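Trainee: Position one of the sequence shown corresponds to residue 167 (the numbering used here), numbered consecutively onward.
First the structure, which I've put down as structure tokens, then a few questions once you've had a look.
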Amino acid sequence: MDESNATCGKRLDSIGVENTEENRRAYRDLLLSTPGLGQYISGAILFEETLYQSTKDGKTFVQVMNDQGIVPGIKVDKGLVPLVNSNGESWCMGLDGLDKRCAEYYKAGARFAKWRSVISIPAGPSIIAQRDCPTAWPATPPLPSPLAWCPSSSPRCCWTVTRTLTRLWRLPRTSGLRLSSTWPTTRSCSRVSC
């Protein structure tokens, strides 16, 4: 649900459907209106467009989620750009105005935020975004999701993932976040066996 319009467009294109706002809305309506969905998921991260969309019957997606006991979240980064003078690192845009956007997202019904940051494997972890997002929105749970593009048995890969998660899990102590409110994503466990 937090996929960009371009990524959602690829899904639609794969079945021969044009990437329009209405088609993306209909696709998301199909997902969120699935009967009993709340029995299987407790939260979902939405893309900004999705947060403000409604079902074909006019009910907001946030209300549909709330009715099923699903906590709505929001993806707050604005995409990757290359980090100048780095060894292939990328940086997520979106820190400018993050506090104001988070306040608006909260008014619209979002109750947690996700900030994505890519960590390259020979470079060390850079967790400024994970540090700053909880500062802007103290209820934000970290969503550790290291993408391991090397063999899971690689010592460098294991070292990078371990170091990143260790630093990330220390952040709640300084920001007052409860670790019990965090959700490790599937990717944080499935590709790495260290």
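Idealized CB from N, CA, C, for every residue including glycine.
This one's a predicted model, so the numbers in the text were calculated from it and none came from an experiment.
Leaving out the 5 sequence neighbours to the left and right, which residues in its chain are closer than 7 angstroms to leucine 198 when beta-carbon positions are compared?
Mentor: Correct list, in chain order: Phe227, Val230 and Met231.
Trainee: Considering only DSSP beta bridges, list what valine 247 is partnered with.
Mentor: Beta-bridge pairing links valine 247 to Trp257.
Trainee: Please determine if the stretch 266 to 277 and the stretch 240 to 253 are in contact, where contact requires at least 3 C-beta pairs separated by less than 8 angstroms.
Mentor: Short answer: they touch.
Trainee: Tell me, please, which residues DSSP counts as bridged to lysine 241.
Mentor: According to DSSP, which records beta bridges pairwise, lysine 241 is partnered with Lys280.
Trainee: Do valine 284 and serine 252 count as a contact pair if the criterion is CB distance below 8 angstroms?
Mentor: Taking 8 angstroms as the Cβ cut-off, serine 252 and valine 284 do not qualify as a contacting pair.
Trainee: If we count the other Cβ atoms within 10 Å of its Cβ and call it buried at 16 or more, is tryptophan 325 buried or exposed?
Mentor: That one is exposed.
Trainee: Whole angstroms are fine: how far does the CA of arginine 329 sit from the CA of arginine 322?
Mentor: Going from the Cα of arginine 322 to the Cα of arginine 329 covers about 10 angstroms.
Trainee: Counting beta carbon pairs with one atom in the stretch 201 to 217 and one in the stretch 167 to 175, are three or more of them shorter than 8 angstroms?
Mentor: With the cut-off at 8 angstroms, the stretch 167 to 175 and the stretch 201 to 217 touch.
Trainee: Suppose you measure from the CA of proline 248 to the CA of leucine 196; what does that come to, to the nearest Å?
Mentor: Whole-angstrom Cα-Cα distance: 35 angstroms.
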